[in-house]
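If you count the sequence shown from 1, you need to add 7 to reach our numbering.
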Amino acid sequence: LASATRIGVVGATGAVGTVTLGLLGARGYEHVRAFASSSSAGLTLPYPGADLVVEETTPEALASGELDLCFFSVGTRLSRELVPAAREGGAVCVDKSSAYRLTDGIPLVVPEVNGARAFEHQGILANPNCCTIPLTMALRPLHEEAGLARVRVATYQSVSGAGAQRMEQLRAEPPAEHNLVMDWTFEGYGDESEEESKLRAETRKILELPDLPFSATCVRVPVMVGHSEAVWVELQEPLPAERATELLAAAPGIRVVDVPTPKDAAGTDDVLVGRVRSDQSSENGLAFFLAGDNLRKGAALNAVQIAELVLERERIAA
Ligand SMILES: NC(=O)c1ccc[n+]([C@@H]2O[C@H](COP(=O)([O-])OP(=O)(O)OC[C@H]3O[C@@H](n4cnc5c(N)ncnc54)[C@H](OP(=O)(O)O)[C@@H]3O)[C@@H](O)[C@H]2O)c1
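Here it is as structure tokens:
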């Protein structure tokens with residue numbers, strides 16, 4: 008499978024694209040092509056076996072029929088333009104922008120949470136937001152046991168979530184001068200930021216709870232890699248913290264630790280969950296904290312896992 012699939016990584020020079028290449032290389036995929044903007048064309052990127060020469064991304068190149076699978080991490084506007092071209096050429100597309108996440112009929116997938124939805128794809132699968140992925144992984148087992156009644160979340164999002172340029176800026180700045188303005192738009196989202204609205208809408212779609220009461224406050228923090236989230240849930244039935252901890256420890260992709268930190272999460276595949284405790288401020292309330300690598304499980308790893316679900320199924324069906 009790894010040797011046969013012809014893969015395109017669009018946005019290969021970016022924060023997420025670089026990690027995507029690392030994951031594909033480690034998994035033994037042999038036929039991988041790297042695409043980026045015209046300014047990166049001709050650069051070489053390290054890849055096991057032979058370095059990859061970056062190609063300029065054009066709709067024609069993606070539509071040429073030479074790709075079976077295509078990962079996109081180029082931003083929403085470009086995804087809208089480029090994903091249909093690759094799909095036209097016959098590639099199964101996994102898109103990491105918000106272009107298709109809420110589109111009816113396009114699966115929005117976290118393999119550990121709603122993996123079966125991936126099989127409904129018609130050429131495009133959407134990868135959720137980097138905070139939605141770990142959050143839904145933790146919410147799912149709690150919902151199955153005691154029913155979610157309400158979710159509140161506060162995020163602490165690292166600079167790598169804003170891309171490679173912002174990472175360079177953080178590296179270059181003296182720590183006392185960090186001014187991490189919120190880089191999400193507020194226009195068209197009422198009092199919330201776009202990020203806060205996305206987190207609610209995507210969580211509702213993935214958990215298939217369209218009316219789930221949900222409130223988020225998202226902020227950027229001066230951390231290079233690793234998003235953290237403080238989560239407060241209200242459940243329909245009582246759920247002791249000890250039982251919730253057991254459920255989380257048994258959930259795929261989650262590792263329960265005493266105190267999750269972005270530093271411990273960075274570079275690992277697992278989502279770290281801890282500080283699970285009763286929340287006295289609400290009925291059947293629980294609070295916990297989580298941290299995950301936004302470039303791996305929050306983006307590239309989740310996308311590769313989605314693709315592998317589909318590849319495995321389509322190979323079995325063939
Ligand atoms: N960072 C995260 O944690 C995260 C998590 C989930 C989802 N995402 C999503 O993934 C996408 C990319 O994020 P990122 O953080 O990797 O951004 P990034 O570091 O800024 O990388 C952007 C990539 O897009 C390429 N690009 C720019 N203009 C292009 C063009 N005209 N044609 C083709 N390629 C072009 C860039 O190539 P050049 O180097 O040639 O400019 C680069 O490879 C966004 O949609 C983001 O929302 C990011």
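Here a beta-carbon is modelled for each residue, glycine too, at the ideal position from N, C-alpha and C. Note that the structure is predicted; figures quoted are calculated from it, not measured.
- Using a Cβ distance threshold of 7 Å, Gly82 and Ser104 count as a contacting pair.
- Beta-bridge annotation (DSSP): Ala41 is paired with Val16.
- In its chain, beyond the 5 residues on either side, Val101, Val116, Pro118, Ala125, Leu132 and Asn134 have a beta carbon closer than 7 Å to the beta carbon of Ile313.
- Boundaries of the beta strand (DSSP E) harbouring Gly292: Gly292 to Gly299, taken from the DSSP string.
- DSSP places Val232 outside any alpha helix (DSSP H), giving it a letter other than H or E.
- Counting along the chain, Thr143 sits inside the alpha helix (DSSP H) bounded by residues Thr139 to Ala153.
- Here DSSP, grouped into helix, strand and coil, assigns Thr192 to coil.
- Asn291 has its CB no nearer than 6 Å to any heavy atom of ligand 1.
- The alpha carbon of Lys304 has as its nearest neighbour, out of Ser235, Gly18, Ser288 and Ala294, the alpha carbon of Ser235.
- Within the same chain, Ser45 and Ala48 come within 6 Å of Glu63 by CB-CB distance, once the 5 residues on both sides are set aside.
- Sequence-distant Cβ neighbours of Gly274 in its own chain, meaning closer than 8 Å and more than five residues away, are Val232, Asp300 and Arg303.
- The stretch 159-167 makes contact with the stretch 234-251, as at least three CB pairs between them are under 8 Å.
- Membership of Arg303 in any alpha helix (DSSP H) is not indicated, and neither H nor E is assigned to it by DSSP.
- The beta carbon of Thr162 sits closer than 6 Å to the beta carbons of Cys138, Cys225 and Glu236 from its chain, once the five residues preceding and following it are set aside; these are given in chain order.
- For Ser222, there is no enclosing alpha helix (DSSP H); the enclosing beta strand (DSSP E) covers residues Phe221 to Arg227.
- Relative to the Cα of Ala123, the nearest Cα in the group Leu214, Asn136 and Glu73 belongs to Leu214.
- In the three-state DSSP reduction, Ala314 falls in the helix class (H, G or I).
- In the structure shown, Gly96 adopts coil according to DSSP, grouped into three states.
- Comparing C-alpha distances from Leu69 to each of Leu52, Arg40 and Asp58 shows the shortest one belongs to Arg40.
- Judged by the Cβ position, Val81 qualifies as a neighbour of ligand 1 at the 6 Å threshold, a heavy atom of the ligand being closer than this.
- The residues Ile113, Ile131 and Ala133, in chain order, have a CB closer than 6 Å to that of Tyr107 in the same chain once the five nearest residues on each side in sequence are set aside.
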